[in-house]
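S.K.: So the protein lines, in turn, are chains A and B. Counting with this note's numbering, you get residues 1 to 316 for the letters of the first sequence. Counting with this note's numbering, you get residues 1001 to 1408 for the letters of the second sequence. Virtual Cβ for every residue (Gly too), placed ideally from N, Cα, C. Just so it is clear, the structure is predicted and the values come from calculations on it, not from any experiment. The structure's right below; bear with me while I get my questions together.
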Amino acid sequence: MKHKKRLLWIIIPIALALLPLIFDPESSYLIYFLYMTFIYIALTQSWNLVGGYTGQVSLGHYAFFGLGAYVVAIAWSRGLINFLSPHGMLAGGLGAAILAILIGIPLLSKLRGDYFALGTLGLGEILRLATVKGGAFTGGPTGILLSVASFTTIAPHYYIGLVITLLALGATWTITKSHIGLALVAIRDNEAVASASGVNILKFKVFALAAGAFIAGLCGALHANYIFQIDPQGFYSLNWTLYPVLMTVLGGAGTLFGPVIGAVFLSIGFELARYFLPEIHPIFSGLLMILAIMFLPNGLIGLRLRKSKRAIVKKW
Amino acid sequence: MKELRNIFCIGLFLVLVLTFLCPSAMVQAAEKKEIIIGAPIPITGNIAMNGGEEKWAFEQAIKDANAKGGIFIKQYNKKLPIKFIVEDAESDPGKAVAATERLVKIDKVDLLLSSCTGNLVVPVAMAAEKMKVYYHASSCFPFLWRPGNYKWSTLYFFELPQGADVPFDVLTSLPPAERPKKLALLMEDSADGRAFDGGLREAAKKYKYEVALSEFLGVGAKDYSAQILKLKSQGIDSGVLLCADTDAITFVRQSKEADFNIKYLHGNKGTVSNEFYSALGKDADYVLADGLWSPEWPYPKAKEIGDRYQKEFHRDSQAIGLYYALAQTLLMAIEKAGTVDGAKVRQAVMTTPFKGTVMGDIKYKPDGVAVFINGAFQWWEGKLKTVFPFELSGGWKLKLAPPWKERK
């Protein structure tokens, strides 16, 4: 069984990497759809580290996504980097991680639970407003327009998206299998007990927030290279937090594959709703989420766990 | 056995999804039976109302063309009917891009018609550029659009400086003794508001008007009483307002409550909507609104389109003419180009003088932009009367608002 699982880890990425060779990236919507799904999977994993494993509900994740995009846009518009520059994307991720550390230390040392969630929401709004009022530096409310001339195909974006997704999954897996993961779960389950056991609460919380922010920043930086108009309304949109949170919760927060399942399931669900119910698709999408949360409180992955528990009971 | 069944179910699901996401290539290979035009329009979200008007106007223009048998395409030596597809842009720039991707890659559209507002039009123009599909755009200020140097789009809209001149054109048309003296700029704190504020300041300088006060209003704020008291204490008697209809309604209601008498209130964006008048009734009288078009203007079919809209929705629209004309020019250009090839259609758009649209004659400039004059209207007994352009006003004379207490 373990061997089979390991094989899947190799087969699925290879199959995904081969898809642009089978489907023309210029004319196939599937490639664009998967590119967006990769971004959502990476964002769900980034939020899962903070919200799922550490139990710190951050509603300001869109700030890290937006900042990653703006780092690229500002550097590119000043000739410091160019199209799909790895340095630019890395800078986007690092910028977001640094912001997470700077803001995480005061927020996480003072605020918990709902108050922390509201604090992070405030961070997103502050950053959005600072960008709107940023004048020529940020392009103000109209944002920064980048040159589309270098774009030839979506294929590089697709592959970079796939790499970021695998990186996010790999990083989450490594973290959860290490002593850091144990510390994060201990903090989530009982902060007082974790602290009494010698876990440095603030250090691990800030680490989770910064690691999540780094991935979100990378996603923002990549997406800026695809959209070419980086504006506050599009990149500092609360949707970049709400969708990943819903996908994580639906799939199963605090698990490795739950958020992946949630992201794929909701991406397909939204797509089908848009196609078959064009005028009322937000109602259907909202209903789908309410039903999923009502009947699957542990997420889709919880179904599998429930099944295996039942099987154990039957055996006994 | 169970595992096999699970794998079969997942496989079947993925095949279904793949079939949905990858439409057959045969669609392109088969003989062309129709012209497919798509539009990423916000039909949900906060600008869905604008999107609804836009969608209706495009559908009417295409329905009228189809009623005549479609468009003659020289390449196929026959008339082809037009199929119109709308994808929801969800009032969000990222979603507008996704809608464009669906139109081009799933629906396989030949050409794209405009979205609305600059925030959606620019990202769609970028997407059209990437996918090399012609985008016939409107509803975006040319100064936001021009830096893109698009090779696959054109734009039809009014220039921001001209729009900013309108309140001053109207004010200076009054005899000097009647003119309000203390002007305030009241802009919503948004991309539109910031851009328009700059344009209005330039215009004020040009017309030698002094701006006594300038305030940015929070979008969606429920209380403007602090700003209104400030305006009242400074003796402001005229103002240019830019905000959404809900904010404009709040502003006028609270002005009345505070007995703040403003002789001339020139609204932009929000005061033109029917909701503005429905909510305020007679209190909306005397308020001015910017507008793109009027069914009363003496252009071919303008009245007919206005009547059709009125019959269906029991209200007027100052935007449908723009969108109807936009679709008209695209259809004329397709016929002129004799093909649905985007590059050739764009070339035809750039070189054809379009005569007799519902917006009058239209001519694109070499930079891909065609402009029209933004108008000004005054609410009077539930109707919007044309104030500017003066030659289209039909004899309507601007009325300055009396104090609230003197109104019936």
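Using 7 angstroms as the threshold, is the C-beta distance between residue 96/A and residue 217/A below it?
M.R.: yes
S.K.: Using a Cβ-Cβ cut-off of less than 7 angstroms, give me the residues of the stretch 88-102 of chain A that come near chain B, in sequence order.
M.R.: none
S.K.: So, using beta-carbon positions, are residue 104/A and residue 209/A closer together than 7 angstroms?
M.R.: yes
S.K.: Measure the alpha-carbon distance for residue 1209/B versus residue 1194/B and round it to whole angstroms.
M.R.: 19 angstroms
S.K.: For residue 1284/B, tell me which candidate among 1297/B, 1371/B, 1255/B and 1300/B has the shortest Cα-Cα distance.
M.R.: 1255/B
S.K.: Give me the chain A residues within the contact set of residue 1148/B, using Cβ-Cβ distance strictly less than 8 angstroms, ordered along the chain.
M.R.: 145 and 148
S.K.: Check the Cβ-Cβ distances between residue 142/A and every residue of chain B, and say whether any is below 7 angstroms.
M.R.: yes
S.K.: As an exercise, report each continuous beta strand (DSSP E) stretch of at least 3 residues that is fully enclosed by the stretch 1321-1377 of chain B, in chain order.
M.R.: 1354-1357 and 1360-1362
S.K.: DSSP three-state call for residue 3/A: helix, strand or coil?
M.R.: helix
S.K.: Mind checking if residue 1073/B is an interface residue toward chain A, Cβ cutoff 7 angstroms exclusive?
M.R.: No, its Cβ sits nowhere closer than 7 angstroms to a Cβ of chain A.
S.K.: Give me the DSSP bridge partner(s) of residue 1290/B.
M.R.: Under DSSP, residue 1290/B forms a beta bridge with 1376/B.
S.K.: Given a limit of 9 angstroms on CB to CB distance, which residues of the stretch 225-259 of chain A reach chain B?
M.R.: 226, 227, 228, 229, 231, 232, 233, 234, 235, 237, 239 and 240
S.K.: Could you work out which residue in 1261/B, 1066/B and 1246/B is closest to residue 1270/B when comparing CA atoms only?
M.R.: 1246/B
S.K.: Taking the straight line between their C-alpha atoms, what separation do you get for residue 1075/B and residue 1353/B?
M.R.: 22 angstroms
S.K.: Does the stretch 66-81 of chain A come close enough to the stretch 216-234 of chain A to have 3 or more Cβ pairs within less than 8 angstroms?
M.R.: yes
S.K.: In whole angstroms, what separates the C-alpha of residue 1103/B from that of residue 1056/B?
M.R.: 18 angstroms
S.K.: Of the residues 1358/B, 1346/B, 1218/B and 1213/B, which one's Cα is nearest the Cα of residue 1231/B?
M.R.: With distances taken between Cα atoms, residue 1231/B lies closest to 1213/B.
S.K.: Pair every Cβ in the stretch 57-64 of chain A with every Cβ in the stretch 115-122 of chain A, then say whether three or more of these pairs are closer than 8 angstroms.
M.R.: yes
S.K.: From residue 293/A to residue 286/A, what distance separates their C-alpha atoms?
M.R.: Distance between the alpha carbons of residue 293/A and residue 286/A: 11 angstroms.
S.K.: Residues in its own chain within less than 7 angstroms of residue 1058/B by CB, not counting five upstream and five downstream?
M.R.: Here residue 1058/B has 1039, 1084, 1113, 1323 and 1327 as same chain residues with Cβ atoms under 7 angstroms from its own Cβ, once five neighbours each way along the sequence are excluded.
S.K.: Could you check which residue in 1400/B, 1268/B, 1126/B and 1088/B has the C-alpha nearest to that of residue 1046/B?
M.R.: 1088/B
S.K.: For residue 57/A, which three-state DSSP category applies?
M.R.: coil
S.K.: I'd like the list of long-range same chain contacts for residue 1334/B, defined as Cβ closer than 8 angstroms, with 5 residues on each side in sequence excluded.
M.R.: Residues 1035, 1071, 1073, 1111, 1340, 1345 and 1348 of the same chain have their beta carbon placed closer than 8 angstroms to that of residue 1334/B, with the five preceding and five following residues left out of the count.
S.K.: Can you list, in chain order, the residues of its chain whose CB lies under 6 angstroms from that of residue 1384/B, leaving out five sequence neighbours each side?
M.R.: 1377
S.K.: Could you compute how far the alpha carbon of residue 213/A sits from the alpha carbon of residue 107/A?
M.R.: 15 angstroms
S.K.: Which class does residue 1268/B belong to by DSSP, given the choice of helix, strand or coil?
M.R.: strand
S.K.: Just to make sure I have the definition right: I need the residues of chain B whose C-beta is within less than 7 angstroms of the C-beta of residue 151/A. Which are they?
M.R.: Using a Cβ-Cβ cut-off of 7 angstroms, residue 151/A is close to 1130 of chain B, given in chain order.
S.K.: Got a sec? Which residues, its chain only, sit under 7 angstroms from residue 1200/B by beta carbon, not counting five neighbours each side?
M.R.: Same-chain partners within the cutoff: 1164, 1185 and 1240.
S.K.: May I ask you to list, following chain order, the residues of the stretch 32-49 of chain A that have a beta carbon less than 8 angstroms from some beta carbon of chain B?
M.R.: 32, 33 and 36
S.K.: Taking the alpha helix (DSSP H) that residue 1053/B belongs to, which residues open and close that run?
M.R.: Per DSSP, the unbroken alpha helix (DSSP H) holding residue 1053/B starts and ends at 1048-1067.
S.K.: According to DSSP, is residue 1215/B part of a helix, a strand, or is it coil?
M.R.: In the structure shown, residue 1215/B adopts extended strand secondary structure according to DSSP, grouped into three states.
S.K.: Looking at the C-beta of residue 1228/B, does it have a partner C-beta in chain A at a distance below 7 angstroms?
M.R.: no
S.K.: Go through its chain and collect everything with a Cβ distance to residue 1026/B's Cβ below 7 angstroms, but skip five positions before and after it.
M.R.: Residue confidence for residue 1026/B is low, a pLDDT of 45 falling below 50, so the modelled location carries little weight; the figure read from the coordinates is stated next. For residue 1026/B, where only same-chain residues beyond five positions count, there are no Cβ hits under 7 angstroms.
S.K.: Which term fits residue 35/A, buried or exposed, when burial requires 16 or more other beta carbons within 10 angstroms of its beta carbon?
M.R.: By the neighbour-count definition (other C-beta atoms within 10 Å, threshold 16), residue 35/A is a buried residue.
S.K.: What residue from 1316/B, 1137/B and 1159/B has the CA that sits closest to residue 1053/B's CA?
M.R.: 1316/B
S.K.: In chain order, what residues of the same chain lie with their CB nearer than 8 angstroms to the CB of residue 13/A, ignoring the 5 residues before and after it?
M.R.: Correct list, in chain order: 162 and 166.
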